[in-house]
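In what follows, a single structure is set out as structure tokens and then discussed.
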Amino acid sequence: MTIAGTQGNFELNVRIPVMARNLLGSIKILSSASRLFAEKCVDGTKANVEGLLKHAESTPAIATALNSQIGYDKGAEIVKEAVASKRTIREVAIEKGVDEATLDAALDLRKMARGSQA
Numbered sequence: 001m002t003i004a005g006t007q008g009n010f011e012l013n014v015r016i017p018v019m020a021r022n023l024l025g026s027i028k029i030l031s032s033a034s035r036l037f038a039e040k041c042v043d044g045t046k047a048n049v050e051g052l053l054k055h056a057e058s059t060p061a062i063a064t065a066l067n068s069q070i071g072y073d074k075g076a077e078i079v080k081e082a083v084a085s086k087r088t089i090r091e092v093a094i095e096k097g098v099d100e101a102t103l104d105a106a107l108d109l110r111k112m113a114r115g116s117q118a
């Protein structure tokens, strides 16, 4: 398509039918591949919500949301221990004395994912 597009002079490109045929062929291949991908790979898959939540709560970056409530130093201590012991931020924070109400408010993963959107 690119080569056919460069062959026109003075906006009179006789290779536009070639470009259109190639574009339609590419669209057909892409739509077939998308349909087959959905049928063969995506259909029937289910999210492991419990496992995903555990991984999300194990991400060290979420501990920055706790800084305003517990301070940077205690937050860093929680992250270091969570990473070393391969536990979630929530588990270690509870062990360190952070109450669950503070954790629920600060570690709201859905709110973090939304960002500044309402």
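In this note's numbering, the protein residues as written are 1 to 118.
Where is the CB? At the ideal position from N, CA and C, for every residue including glycine.
If you look at Val83, you'll find it in the alpha helix (DSSP H) that goes Tyr72 to Ser85. DSSP, read as helix, strand or coil, puts Gly51 in helix. Taking each of Gln117, His55 and Thr2 in turn and checking the Cα distance to Arg87, the smallest one comes out for His55. For the pair Ser58 and Leu66, the Cα-to-Cα distance works out to about 14 Å.
Between the alpha carbons of Ala93 and Lys40 lies a gap of roughly 42 Å. Contact between Leu107 and Ile78 does not hold, since their C-beta atoms are separated by about 11 Å, which reaches or exceeds 8 Å.
Shortest Cα-Cα distance from Ala101 to any of Ala82, Arg110, Glu81 and Gln69 involves Gln69. If you look at Lys40, you'll find it isn't in any alpha helix (DSSP H); DSSP assigns it neither H nor E.
Bounds of the alpha helix (DSSP H) holding Arg90 are Ile89 to Glu95. In the DSSP assignment, Thr102 falls within the alpha helix (DSSP H) that extends over Glu100 to Ala106. About 5 Å separates the beta carbon of Gly75 from that of Ala63, a gap short enough to meet the 8 Å contact definition.
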